[in-house]
Amino acid sequence: MPNNPAEGLTDIFWEQAQESILVRPVCGSCDKSFFSPQVLCPNCQSDTWEYQKSSGEGTIYSYTVVHRPPDDSFPNPLIIADIELDEGWRMFSWIVKCDPNEFDIGSKVKAHFQNFAGTMLPVFTLSKGDQ
Amino acid sequence: MNLNAAIAGIGLTKQSKSLSMSSIAVCVEALNLALEDAGITLDEVDGIAARWPGPGGTSFDSGVIDWSGVLGTSFRWVGDTYPQGIPGVLDAAAAVSAGLCDVAVIFGGQAGVLGESELATYTRPKNEFVEPWGLFTAAHFALIANVYFQRFKPDRDRLSYAAATIRNAGAINPNAVMYGRGPYTPEDIVSSPIICEPFHLLDLCLATEGASAVVVTTVERARDCPNPPIRILGGSSEWYRQQYVDPPRYDEVGDLGKDALARTFGIAGLSPRDIDVYELYDINTWEVIRQFETMGLCDSGEGVEFVYENGIGLGERFPTNTDGGLLSFSHTGWGGPTLKIVEAVTQLRGTAKTGQVIEAETALVTGAGSGAQYFNAAVLGIDR
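For the protein sequence lines, the chains are A and B, in the order given.
Counting the first sequence from 1 gives a position; the working numbering is that position plus 209.
Counting the second sequence from 1 gives a position; the working numbering is that position plus 7.
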């Protein structure tokens, strides 16, 4: 069996992203959000989860300023972050439209969408009040 | 617990930035060197843990590498879960000890794949929630290290001491890819370009080509071999999450390895301070520091000072990565974890041409790390 996730498991995430909508799996059994998408809820192993719209509001758990991105197509410097969404899930993303000295671990951020290499990617900017 | 298992042979090919041969060929070269070293012929090999599926693997496609076909033999035991490094050797030790097979070989490496590219492809895992944002393996580790740096504010120059010391061990080792490169001062480390904060170029491991192999058999069989047996005294693993899929967090994996190390030392009947030589998985400078903390030699956040005060160079209290490590000796992708075992065995035989710890009787070997979200450890020792 290949290691790929179940076919179509993540389609809705990317379809919604094309519409600039951020979604995440929410379990119908335990109500927990999780990410990345899994066949079963990692909290209670239920398969009754569905994608729901996220507020896109979260906190920077950690970040790293990358000065040597993998290739020239990426911005340089590139701020890669681990975002903790307020709904209790996490994802890798970027912090954009600010300088590394304007924020720190724990700063509040909000999701936006940016067309990168033909895909609408969720990225994050500093929330008002943190700027 | 007494595992009836020992390492009877080791094989190490030339390590280089680029080798003009195939990965299969360089792996078989390492295997043959290890068998020659053990004085054992291929006929006697009945167990194998090596990368690529088969026989009994998970891909049935035509052209898939099948070691029984490549080597023209059949096996009693195949380790297919994590067929390299410490988990491969521990599984083989258990298999040999239980009589599932008599002679197991563990090997891995790469050649003809890196080319001129600055970034090895295996450092950019293809996952739809990772790759589009430009993640690479060092960045996963940087996300964890940055939390540590903010929380504990370690002295950067003293952190650099660890990188400089390990790289300087490689600088004098003719077999190291970075032979002749150095000596480095801590200032040189932070003067090198920043790749992903807090890591500078000289904080990060190599991506190189070459292969390595070990032969595991029973202690009795190993005693008949030309070289003294090196016993597998204990080991353990921690599999926290699949590597490089979801964001690793300091609060979850900052002490990854604590359980595996405690269990390893418990099985071996030794404590971290009893070890004569430490072959730690130095994927970056900070991971070396972190492992001194997870061994329990110092508290979280104190590793930089502990390592600086006690010393990790030859002749110091905790001689570490005596061949130059992944930072300077070599890091051959999936074959990298096996390199650590080969150096530990070399040290315990007392045959290292450089970096030899005098009368080393026990060695700690580790693999993987916090950013990979899994970790493993083993203690090796001379046959008493």
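Every residue, glycine too, gets a C-beta built ideally from N, C-alpha and C.
Only a predicted model underlies this, so the values are computations on that prediction, with no experimental measurement involved.
Query, Result
"Are the CB atoms of ALA149 (chain B) and CYS203 (chain B) within a distance shorter than 9 Å?", "yes"
"Assuming contact is defined by CB atoms lying nearer than 9 Å, are ALA214 (chain B) and ALA127 (chain B) in contact in what I supplied?", "yes"
"Hey, ASP291 (chain A) and ARG256 (chain B): beta-carbon distance below 9 Å or not?", "yes"
"Are ILE17 (chain B) and LEU40 (chain B) closer than 9 Å when you measure CB to CB?", "yes"
"Pick helix, strand or coil for PRO234 (chain A), following the three-state DSSP scheme.", "strand"
"Quick check on SER282 (chain A): does DSSP put it in helix, strand or coil?", "coil"
"Using 9 Å as the limit for Cβ to Cβ distance, is TYR257 (chain B) near chain A?", "yes"
"For SER199 (chain B), which residues of its own chain have a beta-carbon under 6 Å away from its beta-carbon, when the five flanking residues on both sides are left out?", "HIS207, LEU208, LEU209"
"Could one say the Cβ of TYR272 (chain A) lies closer than 9 Å to chain B's Cβ atoms, at least one of them?", "yes"
"So that I know if they touch, is there some Cβ in chain A lying closer than 9 Å to that of LEU142 (chain B)?", "yes"
"Is PRO190 (chain B) buried or exposed, if buried means 16 or more other CB atoms sit within 10 Å of its CB?", "exposed"
"Beta-carbon within less than 8 Å of THR334 (chain A)'s beta-carbon, same chain only, minus the 5 sequence neighbours each way: which residues are those?", "ILE304, VAL305, LYS306, CYS307, VAL318, LYS319, HIS321"
"Just to confirm the assignment, what range does the alpha helix (DSSP H) spanning VAL120 (chain B) have?", "Neither: VAL120 (chain B) is in no alpha helix (DSSP H) and is coded neither H nor E."
"How would you call PRO284 (chain A), buried or exposed, if buried means at least 16 neighbouring beta carbons within 10 angstroms?", "exposed"
"Going by beta-carbon coordinates alone, are PRO326 (chain B) and TYR288 (chain B) separated by less than 9 Å?", "no"
"Name the residue from B:GLY343, B:VAL35, B:GLU194, B:ASP253 whose alpha carbon lies nearest to the alpha carbon of ILE93 (chain B).", "B:GLY343"
"With 9 Å set as the bound, which would you pick, yes or no: does the beta-carbon of ALA170 (chain B) sit closer than that to a beta-carbon of chain A?", "no"
"Quick check: what's the CA-CA separation for ASN212 (chain A) versus SER245 (chain A)?", "Note that ASN212 (chain A) scores a pLDDT of 48, beneath 50, so its modelled location is shaky; the value from the coordinates is reported in the next line. Looking at the two C-alpha atoms, the distance is approximately 14 Å."
"Please state if the CB of ILE319 (chain B) and the CB of VAL295 (chain B) are separated by a distance shorter than 9 Å.", "yes"
"My guess is that ASN291 (chain B) and LEU211 (chain B) are in contact by the Cβ rule of under 8 Å, so how many angstroms apart are they, rounded?", "5 Å"
"Report the residue from B:THR172, B:GLY187, B:GLN380 whose alpha carbon sits nearest the alpha carbon of SER244 (chain B).", "B:GLN380"
"Who are the near neighbours of GLY119 (chain B) in its chain, counting only those whose CB is closer than 7 Å to its CB and skipping five residues on each side?", "LEU26, SER27, MET28, SER29, SER30"
"Report yes or no: is there a C-beta of chain B within less than 9 Å of the C-beta of HIS321 (chain A)?", "no"
"Between which two residues does the alpha helix (DSSP H) holding PHE156 (chain B) run?", "144-159"
"With 16 as the cutoff for other CB atoms within 10 Å, does LYS347 (chain B) come out buried or exposed?", "buried"
"Comparing alpha-carbon positions, which option in A:SER263, A:THR268, A:PHE243, A:SER264 lies nearest ASP256 (chain A)?", "A:PHE243"
"Counting contacts by CB-CB distance shorter than 9 Å, is THR328 (chain A) in contact with chain B?", "yes"
"Note down, in chain order, every chain A residue with its Cβ under 7 Å from the Cβ of ALA375 (chain B).", "Simply none; closest approach about 18 Å."
"Taking Cβ-Cβ distances shorter than 7 Å, what residues in chain B pair up with PHE301 (chain A)?", "PHE136, VAL137, TRP140, LEU142, PRO254"
"Once DSSP output is grouped into helix, strand and coil, what is the label at ILE269 (chain A)?", "strand"
"From what residue to what residue does the alpha helix (DSSP H) around VAL318 (chain A) run?", "Element bounds for VAL318 (chain A): not the alpha helix (DSSP H) but the beta strand (DSSP E), 317-325."
"Round the Cβ separation of ASP231 (chain A) and SER263 (chain A) to the nearest angstrom and send it over; I've been treating them as touching at under 8 Å.", "Note that residue 231 (chain A) corresponds to Leu in the displayed sequence, not to Asp. Going by Cβ atoms, the distance from LEU231 (chain A) to SER263 (chain A) rounds to 4 Å, so yes, they are a contact pair."
"At least one CB of chain B closer than 9 Å to the CB of TRP223 (chain A): is that the case?", "yes"
"DSSP state of ILE237 (chain B), grouped into three classes?", "strand"
"Nearest by alpha-carbon distance to THR48 (chain B): which of B:ALA111, B:CYS305, B:ALA375 is it?", "B:ALA111"
"Tell me whether the beta-carbon of GLY384 (chain B) lies closer than 9 Å to the beta-carbon of THR369 (chain B).", "The sequence shown places Ala at residue 384 (chain B), not Gly. No; because the gap between Cβ atoms is not below 9 Å, this pair is not in contact."
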